[in-house]
Amino acid sequence: MKFHRRRMLGIGAFAAAAGLLLSGCASTGTIGSADGSPVTAGSPASAPDTASTSASASDTDSASASDTASAPDTASTSAPGASGGAKSWASEPPMTIDPAKAYTMTLHTNQGDIVISLNAAKAPHTVNSFNFLAGQKFFDGSHCHRLVTTGIYVLQCGDPTGTGTGGPGYQFQDENLAGATYPTGTVAMANAGPNTNGSQFFLVYKDSTLPPSYTPFGTVASGLDVVTKIAAGGEDDSNGAGDGRPKIDVVLNSVTVAAG
1491 MKFHRRRMLG
1501 IGAFAAAAGL
1511 LLSGCASTGT
1521 IGSADGSPVT
1531 AGSPASAPDT
1541 ASTSASASDT
1551 DSASASDTAS
1561 APDTASTSAP
1571 GASGGAKSWA
1581 SEPPMTIDPA
1591 KAYTMTLHTN
1601 QGDIVISLNA
1611 AKAPHTVNSF
1621 NFLAGQKFFD
1631 GSHCHRLVTT
1641 GIYVLQCGDP
1651 TGTGTGGPGY
1661 QFQDENLAGA
1671 TYPTGTVAMA
1681 NAGPNTNGSQ
1691 FFLVYKDSTL
1701 PPSYTPFGTV
1711 ASGLDVVTKI
1721 AAGGEDDSNG
1731 AGDGRPKIDV
1741 VLNSVTVAAG
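In our numbering, the protein residues as written are 1491 to 1750.
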């Protein structure tokens, strides 16, 4: 299946059905599908689950910034070349994190907090991007737009438009793919193909078999019960059987990234 941004992950046999899953960008963010073109928040979604973002960068998994604006490694709140006024940037933010340090990202959702240990050493660009976007409050008020309950088991979030087609306007390269697997608790990037990471990501709530095409950048440290509760509520099959919007509405009230 793919993760749409409507971007999706393109997953072998699941690619057609889940083509929306892991892409994260451009016109759709999927765990698998997307055209990779940049999109600004609010633009119409072309694919339900893709994570959208136009990438300029080189390695992926960026960490969104922060609970603590004072943290020394938190990305600054000044946007690099913000375009057109609303949450969109022309290029990947400059590196402000220290890949040698440990970072934690917290998704403060209406269903409970989900705390993620970020792997800055293996996915510095991805963590740096999340750090920046969190500092910009890019995710605040966004809805997790896709839940897959058949074949693969993921909750996809990170599109401020809630359509699967939104992203930050920039894209960056894949990271940490060598030997990548997606066991329970993995947090990885949705994309629209190689090196098209943006802002859409997915949380694995049950061991899933996917090709090593989606940058794994963190692990759920606490709050997996929140994700499994959401999964137990089911989805609406809007993308096909076992693949659609979660019936339990999931809102990212805020996202913070902190060092240490």
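Backbone N, C-alpha and C define an ideal beta-carbon position, used for all residues, glycine too.
#1: Hey, would you say T1596 sits closer than 8 Å to T1746, going by beta carbons?
#2: Could you round the C-beta distance between Y1672 and S1698 to whole angstroms and report it? I think they count as a contact, below 8 Å.
#3: Can you tell which of G1659, I1642 and V1644 has its C-alpha closest to the C-alpha of P1650?
#4: Tell me which same chain residues have a C-beta within less than 8 Å of the C-beta of G1631, skipping the five on either side of it?
#5: Measure how close the beta-carbons of A1611 and P1584 come, nearest whole angstrom, since I'm counting them as under 8 Å.
#6: Determine the direct distance from the alpha carbon of G1641 to that of L1700, and round the result to whole angstroms.
#7: Measuring CA to CA, which of L1667, V1710 and K1737 is closest to D1727?
#8: Distance check for E1725 and A1506, CA to CA, integer angstroms please.
#9: Label G1625 either buried or exposed according to how many other C-beta atoms from any shown protein chain fall within 10 Å of its C-beta, with 16 as the threshold for buried.
#10: In this structure, does DSSP put H1615 in helix, strand or coil?
#11: Give the single residue among A1680, G1669, G1656 and G1648 whose Cα lies nearest to the Cα of Q1663.
#12: Count the other C-beta atoms from every protein chain shown that fall within 10 angstroms of the C-beta of P1706, then say buried if there are 16 or more, exposed otherwise.
#13: By alpha-carbon positions, which one of T1686, G1683 and G1657 ends up nearest to W1579?
#14: Could you pull the start and end residues of the beta strand (DSSP E) that D1603 belongs to?
#15: D1733: which of I1604, Q1601, L1645 and V1638 sits nearest, CA to CA?
#16: What is the DSSP secondary structure of F1662, counted as helix, strand or coil?
#17: For A1711, which three-state DSSP category applies?
#18: Below 7 Å CB to CB, which residues in the same chain sit around K1696 once its five sequence neighbours on both sides are set aside?
#19: Can you give me the Cβ contacts of P1702 inside the same chain, cut-off strictly under 6 Å, excluding the 5 residues immediately before and after it?
With the given structure in hand:
#1: In contact: T1596 and T1746 (Cβ atoms closer than 8 Å).
#2: Y1672 to S1698, Cβ: 5 Å. Contact.
#3: Comparing Cα-Cα distances from P1650 to each of G1659, I1642 and V1644, the minimum goes to G1659.
#4: Within the same chain, G1631 has close Cβ partners P1650, V1741, L1742 and N1743.
#5: Not confirmed; about 19 Å, so no contact.
#6: For L1700 and G1641, the distance between alpha carbons rounds to 10 Å.
#7: Measuring C-alpha to C-alpha distances from D1727 to each of L1667, V1710 and K1737 identifies K1737 as the nearest.
#8: The predicted model places A1506 with a pLDDT of 32, which falls under 50 and marks its position as unreliable; any figure quoted below should be read in that light. So the alpha carbons of these two residues sit roughly 18 Å apart.
#9: Burial call: buried.
#10: H1615 carries a helical assignment under DSSP once its states are collapsed to helix, strand and coil.
#11: Taking the Cα of Q1663 as reference, the smallest distance to any Cα among A1680, G1669, G1656 and G1648 is reached at A1680.
#12: Burial of P1706 is indicated by the presence of at least 16 other C-beta atoms within 10 angstroms of its C-beta.
#13: The candidate whose alpha carbon is nearest that of W1579 is G1657.
#14: From DSSP, the beta strand (DSSP E) with D1603 extends over G1602 to L1608.
#15: Of the candidates I1604, Q1601, L1645 and V1638, V1638 places its Cα closest to the Cα of D1733.
#16: F1662: strand per DSSP, three-state reduction.
#17: Three-state DSSP puts A1711 in a strand.
#18: If we look at K1696 and ignore the five residues flanking it on each side, its Cβ neighbours are Y1643 and T1674.
#19: The answer, listed in chain order, is L1667 and A1670.
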